[in-house]
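A quick write-up on the structure given underneath.
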Amino acid sequence: MRFFKTAWWVRQMFPQYTWKIDTQQPTIYLTFDDGPIPEVTEYVLDQLKQYQAKATFFCVGDNVRKHPDIYQQVVVHGHRTGNHTYHHLNGWKTEDEEYLTNIEQCYQIMNAASHSPHKPLFRPPYGKVKRSQMKSLVTRYQVIMWDVLTYDFDSTLEPEVCLQKAIGYTTPGSIVVFHDSVKSIDKLRYVLPRYLAHFAEQGFGFEAIGDET
Ligand SMILES: [Zn+2]
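Mapping of the sequence shown onto this note's numbering: residues -16 to 196, in sequence order.
Written out as structure tokens, the structure reads:
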């Protein structure tokens, strides 16, 4: 069972998280998780550039450590970055203290030189986080979930179906999840350019989360 679209009642159960941006404007909020990764992230940046699209990248701290130059490229291109833990931890399987420390470690490596006026962004890997963990996180971070999950990481999903679902479920203000990961690259090469072209043609723009405020 794949849940491409987040159900309204899930959003209602966790109103303290951001699931969608409240707007009537034809704006889409693309997000890319798990990078930065050589070639993959660069491919995404190149595609976005062709449409003057801005996006939000939820980075894994250890990947930022390994590929600081690519992380810098994301920032220099004017995209927003968010915290996705240092080791891509599953909150349900991790003790609170370890989980929060890991997030702080990711914060340190990502924001060493940043003086952003915004509250930093955080997205829990797998969307899995305990209430106890979230309680302390929401005081410090804007927690970003999603409205549309593309399943670009799922090798059993046909790229045509992935594209069709991603387009079909996107509405103004949608926060859409893609992955700049090795697992997703084949799917991305098919889906991302077509997705961008489709919505650009319809008059949609693409913005980073936080730019709407
Ligand atoms: Zn992830």
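Beta carbons: idealized from backbone N, C-alpha and C, even for Gly.
Exercise for the section: Identify whether glutamine 35 lies in helix, strand or coil by the three-state DSSP scheme. Expected result: Taken through DSSP and simplified to helix, strand or coil, glutamine 35 comes out as coil.
Practice task
Spatial neighbours of tyrosine 152 within its chain, please: CB distance less than 8 Å, with the 5 preceding and 5 following residues excluded, ordered by chain position.
Solution key: Excluding residues within five positions, the ones whose Cβ falls inside 8 Å are Phe(-13), Lys(-12), Asp130, Val131.
Practice task
Report yes if the C-beta of histidine 67 is less than 7 Å from at least one heavy atom of ligand 1; otherwise report no.
Solution key: If you check the C-beta of histidine 67 against ligand 1, you find a heavy atom less than 7 Å away.
Practice task
Go to valine 43, then tell me how far its alpha helix (DSSP H) extends in each direction, as first and last residue.
Solution key: Counting along the chain, valine 43 falls outside any alpha helix (DSSP H), and DSSP gives it neither H nor E.
Exercise for the section: Write down the C-beta distance between valine 57 and leucine 28 rounded to the nearest angstrom, noting that I regard them as a contact closer than 8 Å. Expected result: The distance from the Cβ of valine 57 to that of leucine 28 is about 7 Å, consistent with a contact at the 8 Å cut-off.
Handout entry: Residue range of the alpha helix (DSSP H) that includes leucine 120
Key = For leucine 120, the enclosing alpha helix (DSSP H) has its first and last residue at 114 to 123.
Exercise for the section: Report the partner residues of leucine 132 according to the DSSP bridge assignment. Expected result: Answer is Val160.
Handout entry: 7 Å CB neighbourhood of glycine 61 in its chain, flanking five on each side removed
Key = Sequence-distant Cβ neighbours of glycine 61 in its own chain, meaning closer than 7 Å and more than five residues away, are Lys37.
Exercise for the section: Pair every Cβ in the region 48 to 55 with every Cβ in the region 173 to 187, then say whether three or more of these pairs are closer than 8 Å. Expected result: No, they do not touch.
Exercise for the section: Mind the definition here: the region -15 to 5 touches the region 133 to 140 only if three or more C-beta pairs lie below 8 Å; say whether that holds. Expected result: With the cut-off at 8 Å, the region -15 to 5 and the region 133 to 140 touch.
Practice task
State the start and end residues of the unbroken beta strand (DSSP E) segment that holds glycine 65.
Solution key: Its beta strand (DSSP E) spans residues 63 to 66.
Exercise for the section: Compute every distance between the C-beta of histidine 181 and the non-hydrogen atoms of ligand 1, then say whether any falls below 7 Å. Expected result: It does not: the Cβ of histidine 181 is nowhere closer than 7 Å to a heavy atom of ligand 1.
Exercise for the section: Using a threshold of 8 Å, state whether the C-beta atoms of valine 121 and valine 23 are closer than that. Expected result: Their beta carbons are not under 8 Å apart, which means valine 121 does not touch valine 23 by this criterion.
Practice task
Rounded to whole angstroms, what's the CA-CA distance from serine 157 to lysine 49? Just pull it up for me.
Solution key: Cα to Cα, serine 157 sits roughly 31 Å from lysine 49.
Exercise for the section: Compute the minimum distance between the beta carbon of proline 176 and the heavy atoms of ligand 1, and state whether it is under 7 Å. Expected result: Outside the cutoff, so no.
Practice task
Pull up the distance between the alpha-carbon of proline 142 and that of serine 119, whole angstroms please.
Solution key: Taking the Cα positions, proline 142 is about 38 Å away from serine 119.
Practice task
Please indicate yes or no: does the CB of aspartate 16 lie closer than 7 Å to some heavy atom of ligand 1?
Solution key: The nearest non-hydrogen atom of ligand 1 is less than 7 Å from the C-beta of aspartate 16.
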